[in-house]
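So the structure is just underneath, and the comments pick up after that.
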Amino acid sequence: LIAAYLPGRIKAVMKHPMLNATKFWALAHLLANGALADMLLFGGFLAWAVADRISVKRRAARPTPSLPASKLNDVIAVVLGLVIYVAFIKWLHVRWIGVVPFP
Numbered sequence: 011l012i013a014a015y016l017p018g019r020i021k022a023v024m025k026h027p028m029l030n031a032t033k034f035w036a037l038a039h040l041l042a043n044g045a046l047a048d049m050l051l052f053g054g055f056l057a058w059a060v061a062d063r064i065s066v067k068r069r070a071a072r073p074t075p076s077l078p079a080s081k082l083n084d085v086i087a088v089v090l091g092l093v094i095y096v097a098f099i100k101w102l103h104v105r106w107i108g109v110v111p112f113p
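If you want my numbering, it's the position in the sequence shown, counting the first as 1, plus 10.
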């Protein structure tokens, strides 16, 4: 998710890291939850992310300023992403969502 905002190899390879993160998040929640409401919510996010990725691929690319990609940006994206992930799993998910992710 962080890689969407930093020019680097991750962003160049993944093209749209934000949509990939949304697809991964939705799929993980679909596998973990089986209630109808969960299936509709996370299935809707997954369908939107897939449809948006197809739409983005078909659109003409907008000109964007080319910023220098650096390995440091990739390291920052991975480290910051892992820190946020661990914080969310350990503390924030239960506080904000009210569900313990790994009981």
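Every residue gets a Cβ at the ideal spot worked out from N, C-alpha and C, and that includes glycine.
- Taking a contact as a CB-CB distance under 8 angstroms, the pair residue 57 and residue 32 does not count as one, their CB atoms being some 11 angstroms apart.
- Taking a cut-off of 8 angstroms on C-beta distances, the stretch 14–33 touches the stretch 82–94, as three or more cross pairs fall below it.
- Residue 27 counts as buried, since at least 16 other C-beta atoms from the protein chains shown sit within 10 angstroms of its C-beta.
- A Cβ-Cβ contact shorter than 8 angstroms links residue 79 with residue 22.
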